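Before any comments, here is the structure.
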Amino acid sequence: MVELCALASGSNGNCYYIGNEKDAVLVDAGISTRKILHRMDEAGLQPSKVRGIIISHEHSDHVHGVRILSKKLGVPAWFTQGTLDSLKHGEAPELVQIFIPDKVIKIGSMTIHPFLKNHDAAEPCSFRIEHDDWHVGVFTDIGEPCARLKNHLRKCHAMFLETNYDEKMLWDGSYPYHLKARVASAHGHLSNDQAFELIRDHAGPELVHVFLSHLSGENNRPELAAARFESLSDRFNISLTSRSTFSGFCRLR
Ligand SMILES: [Zn+2]
Ligand SMILES: [Zn+2]
């Protein structure tokens with residue numbers, strides 16, 4: 002059995018839970034430890050099952066809570082060297098482990114496949130997490146899908162997939178031009194349309210659940226992201242994540 006949920010997802014903070022009967026990992030810790038533990042409690046999850054915190058990249062919506070969370074749970078946080086070196090002063094936890102893109106890591110009974118992604122950070126990674134032949138993807142903060150991503154995505158039964166912005170809302174919105182261009186660039190974020198095309202064309206036959214993730218508060222609305230994916234709802238389940246509450250579970254068994 003593998004169960005997954007987003008404890009927080011959005012451009013203001015991210016934390017994803019993937020666990021089995023015995024062990025769990027958190028991917029990113031971009032909200033406070035207090036909020037993460039509160040939402041785990043709401044979801045009925047045991048913090049004592051968490052064996053490690055895997056960090057995708059150094060942006061604050063992914064690392065804000067990591068130092069305290071690692072200390073509180075007594076588990077290491079895993080970084081690429083590039084990400085670790087890019088943390089701001091005082092952000093690094095005491096318990097640190099280094100991973101290398103494309104080199105498999107074992108955390109408890111779970112197997113993690115980290116791989117590089119296109120995003121404006123030092124050494125940003127996406128992850129495919131494997132247990133008992135179940136495969137879960139954490140695919141957020143991606144400017145442009147690459148061959149590696151399509152390859153990992155095809156194997157997944159469930160995933161967190163970035164639907165960061167609606168094209169029209171971004172370009173009509175209040176961001177200064179340089180920020181709009183950054184979001185839409187090959188090293189920014191996936192739009193609803195990009196994510197839709199990616200999954201329509203590259204999902205494997207075994208995909209059962211997609212969490213629409215990392216929505217922008219400025220440039221997207223949950224109902225727009227959900228509507229974009231409506232035509233795929235006969236192929237797999239689609240649900241939204243939230244910045245302010247846990248997402249509900251997907252359970253693979
Ligand atoms: Zn982010
Ligand atoms: Zn980012």
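When the letters of the sequence shown are read in order and numbered with the working numbering, they come out as residues 2 to 254. Yeah, the Cβ is synthetic: ideal placement off N, Cα and C, and Gly gets one too. Only a predicted model underlies this, so the values are computations on that prediction, with no experimental measurement involved.
- L117 and I130 have their C-alpha atoms spaced approximately 15 angstroms apart.
- Between D194 and T164, the alpha-carbon positions lie close to 8 angstroms from each other.
- Under the DSSP assignment, T112 falls in the beta strand (DSSP E) whose first and last residues are M111 to L117.
- For D142, the Cβ falls inside the 7 angstroms cut-off from some heavy atom of ligand 2.
- Short note on A122: C-beta closer than 7 angstroms to some heavy atom of ligand 2.
- In this structure, I101 is the residue among Y166, I101, S110 and Y176 with its C-alpha nearest to the C-alpha of F128.
- One alpha carbon belongs to T242, the other to A204, and they sit about 20 angstroms apart.
- Nearest in C-alpha terms to I108, of all of R52, C251, L225 and P48, is R52.
- For S245, the Cβ stays outside the 7 angstroms cut-off from all heavy atoms of ligand 1.
- If you draw a straight line from the Cα of S57 to the Cα of S232, it comes to about 30 angstroms.
- Rounded to the nearest angstrom, the Cβ distance from S87 to E59 is 4 angstroms, consistent with a contact under 8 angstroms.
- With contacts defined as CB atoms closer than 8 angstroms, D24 and K50 qualify as a contacting pair.
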